[in-house]
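Enquirer: Just passing along the structure, written as structure tokens.
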């Protein structure tokens with residue numbers, strides 16, 4: 006597949022009219038990117054509200070909440086490569102405009118969802134649009150900036166992702182403090198309208214003269230395999246039994262379809278995923294580290310929202326503000342992580358980051374309902390610090406592990422692994438949370454009618470909803486729900502910590518260590534010679 010970088014380097018000059026408005030074009034591209042990334046982070050603080058019974062929320066169960074998040078993530082990840090190729094073929098501006106319109110329609114429909122299933126379906130529609138927006142923004146950027154300005158422009162573009170992660174929970178909290186839960190989706194609509202109008206006016210169209218071929222069979226196999234795998238994991242957590250025939254058979258089916266996907270891609274002459282990349286152990290280890298970071302980030306975000314809002318009683322806005330240290334640490338340390346890598350090397354920096362992440366996950370196992378809030382803030386900050394020192398070196402390692410002409414594919418693959426890692430984090434850690442909660446609360450629900458008992462055991466919000474209807478008789482049930490959730494959170498956090506430790510072992514074994522100065526100088530000389 007030809008990358009935007011390849012096109013930029015072919016010697017064709019950017020038209021002067023386009024070059025003059027390049028920074029305005031970058032602003033429009035960032036606005037488009039902002040709402041796509043913002044949507045996931047803004048939803049994080051709303052999941053507790055959506056799980057509240059109508060009319061406040063939709064009464065979504067924990068498994069339905071996991072699907073509301075993962076429907077977006079899985080469709081987005083599954084279509085990312087294909088969306089980039091379609092943009093190369095028919096024109097990136099057309100794809101951007103189409104993607105934004107679909108995203109806006111999906112957002113409006115999601116805001117008016119009447120049931121959790123409707124919300125899940127409309128979230129998948131939003132992801133369909135988002136998948137065509139993200140790769141096209143970077144491709145357009147590479148075509149409107151000269152080569153010497155591209156690093157600066159890409160840095161600003163990447164900063165937009167960090168900004169969206171930081172302001173999403175706060176924006177969501179502000180909206181939920183003043184409006185109904187659907188406002189976290191409806192807010193996308195006016196932004197989409199502005200972005201589309203500015204894009205029609207400012208952004209030039211471009212396409213790849215030698216586009217790659219679309220791989221529809223690979224796309225279908227990857228999405229179906231991931232959906233079956235995630236469904237089985239979530240179902241096992243919902244039933245508190247991962248050996249249940251329904252859960253186990255679905256997990257096995259998902260793994261078989263994913264195996265068929267790998268088999269097909271190895272034999273395809275135009276694969277969505279070039280599996281030969283993974284013969285490089287360094288590349289594979291770096292990809293695993295990136296997936297694990299998002300596995301932890303999305304999993305922790307999922308259960309920490311219930312901890313801060315359901316157990317501790319914070320509002321959605323306060324809950325969003327509590328997560329600021331995590332985003333702040335990433336914004337502070339990510340640009341400076343390269344200095345640590347220069348001194349200690351990729352292996353030491355990434356291993357230390359994963360161990361710090363594991364330690365902070367384990368710290369959640371000690372949290373109680375009255376733990377000082379500054380301790381939670383410190384844990385979030387250190388967690389963000391660890392993530393920053395994983396993402397930067399692994400991104401560099403991924404780009405350097407493959408030939409330069411594969412840079413576009415490596416970047417897209419890295420983004421796909423982030424999304425898949427996040428989806429599995431929510432599915433696995435969310436299911437562990439659900440199973441542990443149900444196993445602890447069931448003994449406390451014996452006095453409830455049989456029909457109510459099963460519903461009340463689904464999640465802490467379901468239990469609290471039943472307790473509220475019981476009036477004073479439900480006070481003891483509230484206490485039991487809090488105790489059961491804390492137990493479930495402790496178990497889930499320790500599972501996440503174990504996964505992070507495994508990741509640390511993998512990168513310690515396979516990532517390259519600190520390069521010696523003479524070797525580094527030799528490599529630079531070779532690169533200069535190659536350019537000349």
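Numbering (this note's numbering), first residue to last: 6 to 537.
Built from N, CA and C at the ideal position, the CB exists for glycine as well.
Just so you know, these numbers come straight off a predicted model, no measurement behind them.
1. Taking all protein chains shown into account, do 16 or more other C-beta atoms lie within 10 angstroms of the C-beta of residue 125, making it buried, or fewer, making it exposed?
2. For the alpha helix (DSSP H) holding residue 373, just list the boundary residues, first then last.
3. Report yes if the CB atom of residue 231 is closer than 9 Å to the CB atom of residue 70, and no otherwise.
4. Got a sec, what are the start and stop residues for the alpha helix (DSSP H) residue 468 sits in?
5. Quick check: what's the CA-CA separation for residue 292 versus residue 419?
6. Could you give the DSSP three-state label for residue 108: helix, strand or coil?
7. Could you tell me the alpha carbon to alpha carbon distance between residue 146 and residue 82, rounded to whole angstroms?
8. At which residue ranges does the segment 280 to 330 contain complete alpha helix (DSSP H) runs of 4 or more residues, listed in the order of the chain?
9. So is residue 397 buried or exposed if we call it buried at 16+ other beta carbons inside 10 Å?
10. I need the straight-line Cα distance from residue 247 to residue 241, nearest angstrom please.
11. Under 7 Å Cβ to Cβ from residue 186, same chain only, skipping five residues before and after it: list those, please.
12. When DSSP labels each residue in this structure, what does residue 248 get in the three-state scheme?
13. Leaving out five residues before and five after residue 25 in sequence, what residues of the same chain have Cβ atoms less than 8 Å from its Cβ?
14. Is the beta carbon of residue 330 less than 9 Å from the beta carbon of residue 178?
15. Give me the residue from 236, 335, 379 with the minimum Cα distance to residue 4.
16. Given that a residue counts as buried once 16 or more other Cβ atoms are within 10 Å of its Cβ, and exposed if not, what is residue 474?
17. On a Cα-Cα basis, can you pick out the residue from 226, 270, 255 that is closest to residue 238?
18. What's the gap between the Cα of residue 468 and the Cα of residue 487?
19. Got a sec? Which residues, its chain only, sit under 8 Å from residue 383 by beta carbon, not counting five neighbours each side?
20. Check whether the segment 422 to 439 and the segment 366 to 379 touch, using three or more Cβ-Cβ pairs below 8 Å as the test.
21. Are the Cβ atoms of residue 132 and residue 103 separated by less than 9 Å?
22. Return the residue from the list 342, 513, 118, 88 that minimises the CA-CA distance to residue 400.
23. Which of the three DSSP states, helix, strand or coil, is assigned to residue 275?
24. Just verifying my parser: in three-state terms, what is the DSSP assignment at residue 518?
25. Check whether the Cβ atoms of residue 324 and residue 174 lie closer than 9 Å to each other.
26. Since residue 203 is in the alpha helix (DSSP H), which residue starts that stretch and which ends it?
27. Spatial neighbours of residue 228 within its chain, please: C-beta separation below 8 Å, excluding the five flanking residues on both sides.
28. Just the C-alpha distance for residue 196 and residue 38, rounded to the nearest angstrom, thanks.
29. Would you tell me roughly how many angstroms separate the C-alpha atoms of residue 191 and residue 287, rounded to the nearest one?
30. Is the beta carbon of residue 307 sitting closer than 9 Å to the one on residue 74?
31. Within 10 angstroms of the Cβ of residue 482, are there 16 or more other Cβ atoms? Answer buried if so, exposed if not.
32. Determine whether the beta carbon atoms of residue 269 and residue 223 lie at a separation below 9 Å.
33. What are the start and end residues of the alpha helix (DSSP H) that includes residue 54?
34. Between residue 439 and residue 67, how many whole angstroms is the CB-CB distance? I'm expecting something under 8 Å.
35. Nearest to residue 507 by alpha carbon, out of 172, 364, 64?
36. Taking only the alpha-carbon atoms, compute the straight-line gap between residue 345 and residue 327 and give it to the nearest angstrom.
Expert: Judging by the given coordinates:
1. So residue 125 ends up on the buried side.
2. Looking at the DSSP string, residue 373 is not in any alpha helix (DSSP H), and its letter there is neither H nor E.
3. Not closer than 9 Å, so no.
4. Here the alpha helix (DSSP H) through residue 468 covers 465 to 475.
5. Computed Cα separation, rounded: 7 Å.
6. The answer is helix: DSSP assigns residue 108 an H, G or I state.
7. Taken atom to atom, the span from the alpha-carbon of residue 146 to that of residue 82 is near 21 Å.
8. Correct list: 286 to 311, 321 to 327.
9. By the neighbour-count criterion, in which a residue is buried when 16 or more other Cβ atoms sit within 10 angstroms of its Cβ, residue 397 is buried.
10. Inter-residue distance for residue 247 and residue 241 is about 4 Å (C-alpha atoms, whole angstroms).
11. Excluding residues within five positions, the ones whose Cβ falls inside 7 Å are 51, 54, 55, 62.
12. Looking at residue 248 - three-state DSSP - the assignment turns out to be coil, as it is neither helix nor strand.
13. A distance below 8 Å between beta-carbons, with the five flanking residues on each side excluded, links residue 25 to no residue of its chain.
14. Taking 9 Å as the cut-off, the beta carbon of residue 330 is found no closer than this to the beta carbon of residue 178.
15. Nothing about residue 4 can be read from this structure; the chain reaches only from 6 to 537.
16. Exposed.
17. Taking only the C-alpha atoms, the option nearest residue 238 is 255.
18. Rounded to whole angstroms, residue 468 to residue 487 spans 10 Å at the Cα level.
19. Excluding sequence neighbours, residue 383 sits near 330.
20. When Cβ pairs closer than 8 Å are counted between the two stretches, the segment 422 to 439 is seen not to touch the segment 366 to 379, the count staying below three.
21. For residue 132 and residue 103, no; Cβs fall outside 9 Å.
22. When each option's Cα is compared against that of residue 400, the closest is 342.
23. Residue state, collapsed to three classes: coil.
24. DSSP, reduced to helix, strand and coil, places residue 518 outside both helices and strands of the structure shown, so it counts as coil.
25. If you check the CB distance, residue 324 and residue 174 come in under 9 Å.
26. In the DSSP assignment, residue 203 falls within the alpha helix (DSSP H) that extends over 193 to 207.
27. Residues of the same chain with a CB within less than 8 Å of the CB of residue 228, apart from the 5 flanking positions on each side, are 79, 80, 83, 84 in chain order.
28. Near 11 Å, if we compare the C-alpha coordinates of residue 38 and residue 196.
29. Roughly 43 Å separates the two Cα atoms.
30. Cβ distance < 9 Å, so residue 307 and residue 74 count as in contact.
31. With 16 or more other CB atoms across the displayed protein chains lying within 10 angstroms of its CB, residue 482 is buried.
32. Taking 9 Å as the Cβ cut-off, residue 269 and residue 223 qualify as a contacting pair.
33. First-last of the alpha helix (DSSP H) with residue 54: 52 to 56.
34. By a beta-carbon distance limit of 8 Å, residue 439 contacts residue 67. Their separation comes to about 5 Å.
35. Nearest Cα to residue 507 within the set 172, 364, 64: 364.
36. Looking at the two C-alpha atoms, the distance is approximately 28 Å.
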